[in-house]
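Working notes for the structure below.
Protein chains: 2
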Amino acid sequence: MKPTIYDVAQAAGVSIATVSKVINGTGRISDKTRKHVLIIMDQLKYQPSMVASALTGKSTFTIGLTLPDLANPFFAEIARAVEDRCHEFGFNVFICSTDNDPDKEVKYFSLLTQKRVDGIIVATRIQNDQFLKKLIQQNVPIALITNEMPTLAVDTVMVDDFLGGYQAGSHLAELGHRRIAILKEDTDTKSNRERIHGCQQAMIAAGIEPDERLLSIGGFTVQSGKEAMTELLKLDNPPTAVFACNDLLAIGAIQAAREQGLQLPADLSVVGFDNTILATIIDPPLTTIGQPIQEIGRQAVELLVQEIKGEKTLKQRVVLLPELVIRSSSLAYQNV
Amino acid sequence: MKPTIYDVAQAAGVSIATVSKVINGTGRISDKTRKHVLIIMDQLKYQPSMVASALTGKSTFTIGLTLPDLANPFFAEIARAVEDRCHEFGFNVFICSTDNDPDKEVKYFSLLTQKRVDGIIVATRIQNDQFLKKLIQQNVPIALITNEMPTLAVDTVMVDDFLGGYQAGSHLAELGHRRIAILKEDTDTKSNRERIHGCQQAMIAAGIEPDERLLSIGGFTVQSGKEAMTELLKLDNPPTAVFACNDLLAIGAIQAAREQGLQLPADLSVVGFDNTILATIIDPPLTTIGQPIQEIGRQAVELLVQEIKGEKTLKQRVVLLPELVIRSSSLAYQNV
DNA sequence: ATGAAAGCGCTAACAG
DNA sequence: CTGTTAGCGCTTTCAT
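In the order they appear, the protein sequences are chains W and B.
For the first sequence, the residue numbers in UniProt numbering are 1 to 336.
For the second sequence, the residue numbers in UniProt numbering are 1 to 336.
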């Protein structure tokens, strides 16, 4: 059996209270006893049980992170950023891929609360705000990533999707493109809508009338982007540029264009969103709207931890600004 | 406050023992009381505290997963596979990216044991088998992924790296290549050595003498692969094909070749290892040695869970076989 | 079939 | 400065 605090106390000839105090650095302990106890702990290779101390009312130093799919590079990078910051704070993170399946999400939420996590970072698309609301009412610290609950006071870190879309749209418009297609995601989230809206506003500002037929639905897979783009290229008057709401879709678009024998970026300019590692790997390297992934993760953790520690009562919404990252997949329109 | 078992007991007019029994389906409870208690639990939205029950000696239904870097697609996919299988078993997983930093690894291990995880899946390169040995001696269930501790009896799931390397080597040899470079990782792991050795054996079997100068060191980044390949291409007699020990390196090699103005795959054939999503995205699509990532994750979890539940005393080593996935980055040697 | 009571390992008053 | 003691929420004999 693992040694307990009793074993240490006995071996050190002190009470368990004393041991507890040296473990936590609380109370007043003479230097001599402290050192002695420390030595005994070391000898016994004693490791305080965090489950016991959690039961006593202290926190579990554990948070949950829900996201759609860890295998999606964007979320993997988010998770990594969250994990790193958590580790610095001494927290561990439970990873929860929900595939945006409401059932799975509920199951995970309930598991997390049963395990008494100190807080939850939600990077999944919120479907049942019902459940989330309950959590918030129960004072479970929550931080939202890339998500917005307009009706609820909850810490949130997001990027300005509208601006991102706008940057993409202006970039393409400035390159002289007039027929700009948009590949959107299949979930109707605010984030997705804003990106589209931003892009369209940029187009309008440039005197381009958004064409409904150039608005196509993809999803979160390369394949879906490919299919959507293939359809778009079949139009009588196909687009010369496309803005995809995420990098995966953009990559699908590139692959579709290639398959149709188009030269990239000469025949089709592509702009993505996220700036994941994929954007640097695809050929041509993808022009994309960069989300400050590290920063998103860090800030979410910081908000959450502050709330867990009770250092902060005010909730806040942090809006990070995206950045246009120009690579080679976008080029001036060549009116041959 | 969250309701406790006492609240339920009181509201239901029974003892906490009874409630506990209906929660766990243990003991003998009349159908009537059971139903009644169930209803009360529901009304109170009672959720048993797993930290309390863990303290009582039951397991925590939590495992730890250590890996080098969650942002690396290969490990992200592994993590996803592990998580999925765990979820089916009702386990949660603590994610631990160590960057192969021994300090971080030790810190994570100790945190995990303090939190009394039921077991640990180790997908990091093992550096201090010291610490791991201690864990195993303390009967902490451990499963190794893609790792081998020749001196220890521990559950392990791995792929046959030698065979993978061999497949890569024969593939290139069969395509007529004679000058085959190898890009290895910078950590001297058995896995890495085996891949190289396999490739070289295949070359020898094809009558090719491995050339030391064509063996170059990369790492786990695209950049390192690029740099290594750039050097290789500067040789008087540069390679016509390259086998990279992971997809990241292979991608770096492709990028380097492109930058030097080479046509791919005509001027250089590239074979990677892992078959991550990146292999499908790079242009040309990467011929690579496919690891059955899903299966690796599943089996590791299964071994671990069996051991946790005490359903199994015998340890085992599962060797999964890799598979050559031919895409477009490899082509017959054209002796111009 | 149900309940009383003794822990699990630790923290936090409260005494001394 | 150190020890005693009462829980934290739950499981598990052992009685009844």
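Even glycine gets a Cβ: it sits at the ideal position worked out from N, Cα and C.
Since the structure is predicted, the reported quantities are computational estimates derived from the model, not experimental observations.
Uninterrupted alpha helix (DSSP H) stretches at least 4 residues long and entirely within the region 242–277 of chain W occur at 247–259, given in chain order. In the pairwise beta carbon analysis, the region 224–236 of chain W is classified as not touching the region 247–267 of chain B: fewer than three pairs are separated by under 8 angstroms. The shortest CA-to-CA distance from R213 of chain W to any of W:P239, W:Q299 and W:G252 is the one to W:P239.
Counting along the chain, the unbroken beta strand (DSSP E) around N92 of chain B starts and ends at N92 to S97. Counted as a single uninterrupted DSSP element, the stretch harbouring I29 of chain W is not any beta strand (DSSP E), since DSSP gives it neither H nor E.
Contact between G290 of chain W and V325 of chain W holds, since their C-beta atoms are separated by about 4 angstroms, short of 8 angstroms. Of the candidates B:Q114, B:R125 and B:C86, the residue whose Cα lies closest to the Cα of T98 of chain B is B:R125. DSSP places A143 of chain B outside any alpha helix (DSSP H); the residue lies instead in the beta strand (DSSP E), whose first and last residues are I142 to I145. Taking 8 angstroms as the cut-off, the Cβ atoms of G64 of chain W and V117 of chain W count as close. At a cut-off of 8 angstroms between beta-carbon atoms, T60 of chain B makes contact with chain W. Interface flag for Q114 of chain W against chain B is set, since a Cβ pair is found closer than 8 angstroms. Beta-bridge pairing by DSSP links V325 of chain W to W:T288. By the Cβ-count criterion, A266 of chain B is exposed, with fewer than 16 other Cβ atoms from all chains shown falling within 10 Å of its own Cβ. For a Cβ distance threshold of 9 angstroms, residue set L70, I95, C96 and S97 of chain W lies close to E83 of chain B, ordered along the chain. Using a CB distance cut-off of 8 angstroms, A257 of chain W does not count as an interface residue toward chain B. Apart from the 5 residues on each side of it in sequence, A332 of chain W sits with its Cβ closer than 6 angstroms to the Cβ of L175 and G176 in its chain, given in chain order. Between the alpha carbons of I254 of chain W and G219 of chain W lies a distance of about 15 angstroms. Contact check for A71 of chain B and E77 of chain W: beta-carbon distance about 5 angstroms, within the 8 angstroms limit, so the pair qualifies. Cβ contact annotation for A79 of chain W (same chain, cutoff 7 angstroms, sequence separation greater than five): L65, L67, L70 and I95, in chain order.
The continuous alpha helix (DSSP H) containing S170 of chain W extends over residues D161 to E174. Y108 of chain W sits buried, since 16 or more C-beta atoms from the chains shown fall within 10 Å of its C-beta.
The straight-line gap separating the alpha-carbon atoms of S328 of chain W and D101 of chain B is approximately 36 angstroms.
Using a Cβ-Cβ cut-off of 8 angstroms, S20 of chain W does not count as an interface residue toward chain B, since no Cβ of chain B sits closer than that to its own.
Using a Cβ-Cβ cut-off of 8 angstroms, Q47 of chain B is close to S110, T113 and Q114 of chain W, given in chain order. Identification of chain W residues near R80 of chain B by a Cβ-Cβ cut-off of 8 angstroms yields D69, L70, A71 and S97, ordered along the chain. In this structure I120 of chain B is in contact with I142 of chain B, their Cβ atoms being roughly 5 angstroms apart against a cut-off of 8 angstroms. When the beta-carbon positions are compared, H171 of chain B and V271 of chain B come within less than 8 angstroms of each other. Contact with chain W is found for V51 of chain B, since one of that chain's Cβ atoms lies less than 8 angstroms from the residue's Cβ.
What V222 of chain W touches in chain B, judged by beta-carbon distance under 9 angstroms, is I277, T280 and I281, going in chain order. Pairing V301 of chain B with M158 of chain B gives a Cβ-Cβ distance that is not under 8 angstroms. Using a Cβ-Cβ cut-off of 8 angstroms, L55 of chain W counts as an interface residue toward chain B, since at least one Cβ of chain B sits closer than that to its own. One alpha carbon belongs to A279 of chain W, the other to V82 of chain B, and they sit about 27 angstroms apart. Closest in alpha carbon position to N275 of chain B, among B:Y46, B:E307 and B:P73, is B:P73. Under a 10 Å Cβ-count criterion, K32 of chain W is classified as exposed, with fewer than 16 other Cβ atoms of the shown protein chains found around its own Cβ.
Of the residues W:G165, W:L135 and W:D129, the one whose Cα lies closest to the Cα of T151 of chain W is W:D129. The Cβ-Cβ distance between L44 of chain W and A11 of chain W falls below 8 angstroms.
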